[in-house]
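Undergrad: The structure that follows is given in the form of C-alpha cells.
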C-alpha cells in the first residue's frame, strides 16, 4: 500500500498534469493549479514536487527544443506514467471508500 | 515584439545556486512568468514577483551540492607540504609565527576588554525597560547635564505619568561610605562599607540576585537592609546565618538584615548594602524641595512605551511641579549609562564607548599589520615556490586546488600562532587586568579563538594564494621570472601602510603622555602635595575644634583644617546668590566651599585682594570670599566691602582669591565662593612634612583611633585623588603604549624578513659588486636605500593623520598642550631608527659576504 502514498499537493500536481494532457510544463501547471484549487503556488515548491514525483516514477519528462517565446530556453513537458495513473486511481478509490463509510449524521451536523 | 530586458541580478543569483541540469527549464518558466507579468501588472511589480520566486527557489533540492575539490588525501598532502616548508624556511616561519601570535594576542586581550565593557549593566531581566532620569540645566549660558534630580521626582513620575510602571529614588553614586558594625559576644566588629539607599521596588526592578530573601519583601520597612554575599560571609560566616541579624550603621542607627544579594561583576555600580530610601528621606528634609538636587531617579517604563514620545512629555516634569524653568529632565536607558556618559551642551558626546571604539580599531589594525607580514613574506618567497607551482600545474593541478594548498598553509600557520598567542594571553592577563583594573578571564574567549585564527589564516593567505596559483606553468618551468613589478609594488605599499600606522601610534602615545604630564604638573593655584584627607565621623563631628587642635600638635603635621570641598571635582553649589545687575532668570550655580579655620592658607591658595578669614569664626559670620572668576562673572568692580544676598542672607565680601583648579582640566574653572562654616566642613585635611609620610600617618592613625573609637581610619592623599581624575586617560595612555610598541614590533618583524629576502635575492649582485671593488658601506647603503624610501613615504602620510587625530583628542581638554612639530619629528625619527635597526642586521650581514662563496655556486 505504501508505494502509492501521495501527499495532498502531490496529488493536486499529478491531477493537473493529467488534465493538461500533453501541454503540462511549469507555467501551465502553475496557472492551472491556481485556477482550479484557488491557491498561489511558488515556482520553487512546484518544481520540487514535480522532480520528486518524477524520481518516484509517477511522472516522466521530455525536454523541448529552444522556444522563441521563452527567449531561447527549452520547456520541460511532464506526463503521467502508468504507475502514476495507478497511484491516482488508488488514492481516489481509498477516498471514495472512506466517504462511503462516513455516517450521514456527521455530515448533517456540519 | 520588443521585450523588456531581463533583470540581471535575480537570474545571475539563480544561475549561481541552481542545479545545472535543471537550470534551463526552470529559467524558461521564470522568464515566461516575468514577461507575462510585465504586460499585466507592470515592470516594477513583475520584478518583485520575480525576486520572490527566485528566493523561494532557494531551497534544498534545487540548490546544487557543493563539491569539495580536495579529498582527504590532498588535504593530508597539503598539511605535509606546509610542515615541510615551515621546517625548510625556519626564519620566515619564526617571523610569521612571532608576528601573527603577537597580533592575535593583542586582539584577544582587546576583545576581552571590549567584551567586558559592552556587557556592563546588561544582566537585568527588565533591561530594555529600565531608564534613568537625567537633567539638562542651563548655567552661565551653557547647558550642563547631570544625573542628579530632586527628591520628589520619582513620586511625580509615579503619579503623573501613566507610561511609568515604577519609579524609585536612590542615593547618588550608589556608594556612600559608612561604618557598619556588628556586636556579638560583647566584641564589636567595624567595617567600612559602600551603602546605597533605594526605594522599596529596587529589587523587583533590577535583577541583583538574592541568595536570601525575596524581591517582593526584602526592603519592606525602614529598618530592613540587604547586604552583599561577601559582607554576609565576612560578618556572619554564611548568607543563611546573616538573615535576621542586627547591624549598626555609623554607630547611630540599627537595621535588620532581611536579605543577602549578589552584586555581579557586570554591574558598573558596586555597593555592599541596600537600605530603604525612606530612612534617608527621614533624615534629610531637603529631599522634599524641588530646588535641591542630589539623589538619582530610576524608572521602569511599561511595555511598548515610545521613549521619544515619553521624553517630550517628561521634559516638563520640573516646570510642572515647581517654579524652576531651567531644568529639563530626560530619560536614558539604564544600561547605556556606563558607555554613553559624556554630554556636551545637552547633547550626547560619547563616554567610555569612545575608548571601546578606539581599542577595537587598534585591535583591527594590529591584526591587519600581522596579516600583512604574512602576505609580504609569502609573496616575496614566491620565486622559491615557482617550480613547485609549475610542476603541479603541468601534471594537472587546477588553480583552485593550488589556492587551497596555500590557504591551508596559512591557516595552519595561524592555528599554530593562535596556540602560541593563547599562551601569551595566559601569561600577560594578570598584568593586563592590573592596568585595566578589571577581572577578565580567558574562558569568555573560547569560541573566539578558533574563529579569529581561521579568519586570520584565510585573510592573510588570500593574496598569496591568488598570486602564487596564477603562475603560468610553461614560463615558470623555463625559469623565466614573470614580471614581478606588480607584486613588488603591492609589497612596498603594504610596508608603507604598516609603518604609517606604527608612526601614527608612536605619535599618539607621545602626545597623550605629554598631555597627561602637563596636566599633572601644571600649577593648580594651590599646593596639593602632602595633604592628607579623610571624612569626619563619630566623635570628631561633635568636637571638631579640639580634634583639629590636637592634630596640629602631632609632630610632622604642619597644620590642619577642614573643608566641605575635597578639592577634586564638582562638590555641589548654590544658585541663590544675588548681585547688582543680575539677570533674574540666571540660575548659575556657584561652587560651594565651606571651610574651617586656616584652610585657605593651608592649601596655599593665593589672595588677590582684600583679606583672608581670621580664626575667630564668630566674627566671620556673614563674610564671604570669591574666586576671581566669580567676580568676573558677576561683573563687580572693587568687590571688597560689597554686600551680596545669599538666599536672603546678606554676606559681605572680604576678599578675592586667585583662581585655582578644583575640577579636572576637562572643565573650565567655575565661579566659587568660600565661607567660614565649621558645621559643613566635613573633610578633615592636614598638611604634613614631606619625606616622613609613613611616621606621620602612623601617629595620626593612632591619635584618630583613640579620639574616635569604633570608626576605622580611612585616609587619602589629595594628590592621589587628583591623579585619579585622570585615571581613564592614564589607562588609555598605558594601554596604547603597549599596543603601539607591539604594532611596531610586528611591523619590524615583517621588515626584517623582507630585508633578509632582498639580501638573499641580490646575493650574486653583491658578490659581483664586491669583486669590482665596492666597499661594505656602499652595499649597506644600496640595500637600505629602498627601505628608507618606503619609510619616508610612510612618514609623509603619517604626520598629517596623527596631527588630525591628536588634535581632536586634545580638544576635549580645557587646558591642553600645543602640538609642536618636534613631537612628529621625534616619533618619525624613532620609527625610522627602529626600522633601520631591523634592516641593518640583514644588510650588514649581506655586505660582509665573501664573494667567492656566493659566486661559485650556480
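Residue numbers (this note's numbering), protein chains in the order written: chain A, 675 to 784; chain B, 1296 to 2153. For each residue, glycine too, the CB sits at the ideal point set by N, CA and C. Note that this is a predicted model, so its numbers are computed, not measured.
(1) To which residues does DSSP link residue 1595 of chain B through a beta bridge?
(2) DSSP state of residue 1985 of chain B, grouped into three classes?
(3) Going along chain B, which residues have a C-beta under 9 Å from residue 750 of chain A?
(4) Out of B/1930, B/1708, B/1889 and B/1558, which has the shortest C-alpha to C-alpha gap to residue 1503 of chain B?
(5) Closer than 9 Å between beta carbons: that is the criterion. Which residues of the segment 718 to 733 of chain A meet it against chain B?
(6) Can you say whether residue 1444 of chain B is buried or exposed, counting buried as having 16 or more other CB atoms within 10 angstroms of its CB?
(7) Using a Cβ-Cβ cut-off of 8 Å, state whether residue 1304 of chain B counts as contacting chain A.
(8) I need the boundaries of the alpha helix (DSSP H) containing residue 1945 of chain B, first residue and last residue.
(9) In chain A, which residues lie less than 9 Å from residue 1351 of chain B when you measure between Cβ atoms?
(10) Chain B partners of residue 701 of chain A, CB-CB under 9 Å?
(11) Only counting the same chain, and skipping five residues up and downstream in sequence, which positions put a Cβ closer than 8 Å to that of residue 1296 of chain B?
(12) Give the range of the alpha helix (DSSP H) segment to which residue 2019 of chain B is assigned.
(13) Can you find a C-beta in chain B that's less than 8 Å from the C-beta of residue 778 of chain A?
(14) Any heavy atom of the ligand HEM inside 7 Å of the beta-carbon of residue 1689 of chain B?
(15) Within 8 Å, do at least three Cβ pairs link the segment 707 to 719 of chain A to the segment 770 to 780 of chain A?
(16) Excluding five sequence neighbours on each side, which residues of the same chain lie with their C-beta closer than 8 Å to the C-beta of residue 2028 of chain B?
(17) Using the three-state DSSP reduction, which class does residue 1704 of chain B fall into: helix, strand or coil?
(18) So, residue 1984 of chain B versus residue 1853 of chain B, is the Cβ gap smaller than 8 Å?
(19) What first and last residue would you give for the alpha helix (DSSP H) that runs through residue 1745 of chain B?
(20) Just tell me which of B/1859, B/2006, B/1877 and B/1954 has its CA closest to the CA of residue 1902 of chain B.
(21) Using 10 angstroms around the beta-carbon of residue 711 of chain A, count the other beta-carbons present and answer buried if the total reaches 16, otherwise exposed.
(22) Out of B/1341, B/2102 and B/1374, which one is the CA nearest neighbour of residue 1704 of chain B?
(23) So that I know if they touch, is there some Cβ in chain A lying closer than 8 Å to that of residue 1348 of chain B?
(24) When you compare the CB of residue 1354 of chain B with every CB in chain A, is at least one pair closer than 8 Å?
(25) Of all the residues that make up the segment 745 to 770 of chain A, which are near chain B by a beta-carbon distance shorter than 8 Å?
(26) Does the contact criterion of 3 or more C-beta pairs under 8 Å hold for the segment 1911 to 1930 of chain B versus the segment 1954 to 1965 of chain B?
(27) How about residue 1439 of chain B: is its C-beta nearer than 8 Å to some C-beta of chain A?
(28) Please classify residue 1634 of chain B: does DSSP put it in a helix, a strand, or coil?
(29) Are the CB atoms of residue 2040 of chain B and residue 1751 of chain B within a distance shorter than 8 Å?
(30) Would you please verify whether the beta carbon of residue 1357 of chain B is less than 8 Å from any beta carbon of chain A?
(31) In the DSSP assignment, what residue or residues form a beta bridge with residue 1639 of chain B?
(32) Once DSSP output is grouped into helix, strand and coil, what is the label at residue 1534 of chain B?
(33) Quick check on the DSSP output: the beta strand (DSSP E) that includes residue 1578 of chain B runs from which residue to which?
(34) So within the segment 1438 to 1526 of chain B, which uninterrupted beta strand (DSSP E) runs reach at least 3 residues, ignoring any that extend past its ends?
(35) Quick one: grab the DSSP three-state call for residue 2167 of chain B.
(36) Checking the sheet assignment: what are the DSSP bridge partners for residue 2083 of chain B?
TA: In terms of the structure at hand:
(1) Here the question's residue 1595 of chain B lines up with position 300 in the second chain. DSSP lists B/1425 and B/1461 as partners of residue 1595 of chain B.
(2) Counting from one through the second chain, the residue named residue 1985 of chain B turns up at place 690. In this structure, residue 1985 of chain B counts as coil in the three-state DSSP scheme.
(3) Taking the first chain and counting its residues from 1, one reaches residue 750 of chain A at position 76. Going along chain B in sequence order, the residues near residue 750 of chain A (Cβ under 9 Å) are 1317, 1319, 1320, 1321, 1323 and 1324.
(4) Taking the first residue of the second chain as position 1, residue 1503 of chain B is located at position 208. Here the closest residue by C-alpha is B/1558.
(5) 718, 719, 720, 721, 722, 725 and 726
(6) Position 149 of the second chain, counting from 1, holds the residue named residue 1444 of chain B. Its Cβ being crowded by 16 or more others within 10 Å, residue 1444 of chain B is buried.
(7) Position 9 of the second chain, counting from 1, holds the residue named residue 1304 of chain B. Answer no: the Cβ-Cβ gap between residue 1304 of chain B and chain A never drops below 8 Å.
(8) The residue you call residue 1945 of chain B lines up with position 650 of the second chain. Segment 1944 to 1952 is the beta strand (DSSP E) holding residue 1945 of chain B; no alpha helix (DSSP H) there.
(9) Position 56 of the second chain, counted from the first residue, corresponds to residue 1351 of chain B. Correct list: 716, 717, 718 and 719.
(10) What you label residue 701 of chain A is simply residue 27 of the first chain in a count that begins at 1. Result: 1323, 1324, 1327, 1328 and 1331.
(11) The sequence position of residue 1296 of chain B within the second chain is 1, counting from 1. At residue 1296 of chain B the pLDDT is 48, less than 50, meaning the model places this residue with poor confidence and gives no usable figure here.
(12) The residue you call residue 2019 of chain B lines up with position 724 of the second chain. Unbroken alpha helix (DSSP H) run through residue 2019 of chain B: 2013 to 2019.
(13) The residue you call residue 778 of chain A lines up with position 104 of the first chain. It does not: the Cβ of residue 778 of chain A has no partner Cβ on chain B nearer than 8 Å.
(14) Annotation note on the ligand HEM: not contained in the displayed structure, which lists no ligands.
(15) Taking 8 Å as the limit for Cβ pairs, the verdict is that the segment 707 to 719 of chain A does not touch the segment 770 to 780 of chain A.
(16) Against the second chain, residue 2028 of chain B aligns to sequence position 733. Apart from the 5 residues on each side of it in sequence, residue 2028 of chain B sits with its Cβ closer than 8 Å to the Cβ of 1804, 1807, 1808 and 1811 in its chain, given in chain order.
(17) In the second chain, the residue the question calls residue 1704 of chain B occupies position 409. Helix at residue 1704 of chain B.
(18) Indexing the second chain from 1 puts residue 1984 of chain B at position 689. Indexing the second chain from 1 puts residue 1853 of chain B at position 558. Contact: yes.
(19) Your numbering for residue 1745 of chain B matches position 450 in the second chain. Looking at the DSSP string, the run of the alpha helix (DSSP H) that includes residue 1745 of chain B is 1743 to 1764.
(20) Within the second chain, residue 1902 of chain B is the residue found at index 607, counting from 1. It is B/1954.
(21) Taking the first residue of the first chain as 1, we reach residue 711 of chain A at position 37. So residue 711 of chain A ends up on the exposed side.
(22) Start at 1 with the first residue of the second chain, and residue 1704 of chain B comes out as number 409. It is B/1374.
(23) Sequence index remark: in the second chain, residue 1348 of chain B carries index 53 (1-based). Yes, its Cβ sits closer than 8 Å to a Cβ of chain A.
(24) Numbered from its first residue, the second chain carries residue 1354 of chain B at position 59. With 8 Å as the cut-off, residue 1354 of chain B counts as an interface residue toward chain A.
(25) Against chain B - using a Cβ distance shorter than 8 Å - the residues of the segment 745 to 770 of chain A are 745, 747, 748, 749 and 750.
(26) yes
(27) The count along the second chain starts at 1 and reaches residue 1439 of chain B at position 144. Judged by the 8 Å Cβ criterion, residue 1439 of chain B is not in contact with chain A.
(28) By 1-based counting over the second chain, the position of residue 1634 of chain B is 339. Correct three-state label for residue 1634 of chain B: coil.
(29) On the second chain, residue 1751 of chain B is found 456 positions in, with the first residue counted as 1. On the second chain, residue 2040 of chain B is found 745 positions in, with the first residue counted as 1. When the beta-carbon positions are compared, residue 1751 of chain B and residue 2040 of chain B stay at least 8 Å from each other.
(30) Here the question's residue 1357 of chain B lines up with position 62 in the second chain. By this cut-off, residue 1357 of chain B is an interface position.
(31) Stepping through the second chain from its first residue, residue 1639 of chain B is reached at position 344. DSSP, once it has assigned bridges, lists B/1642 as partnering residue 1639 of chain B.
(32) By one-based count along the second chain, residue 1534 of chain B stands at place 239. DSSP places residue 1534 of chain B in helix when its eight states are reduced to three.
(33) The residue labelled residue 1578 of chain B in the question sits at position 283 within the second chain. Looking at the DSSP string, residue 1578 of chain B is not in any beta strand (DSSP E); the run it does join, the alpha helix (DSSP H), is 1572 to 1578.
(34) 1459 to 1465, 1471 to 1479, 1482 to 1493, 1505 to 1507 and 1519 to 1523
(35) The structure shown does not extend to residue 2167 of chain B, since chain B spans only 1296 to 2153, so no value can be given for it.
(36) Here residue 2083 of chain B corresponds to residue number 788 of the second chain, with the count starting at 1. Its beta-bridge partners do not exist; DSSP assigns none.
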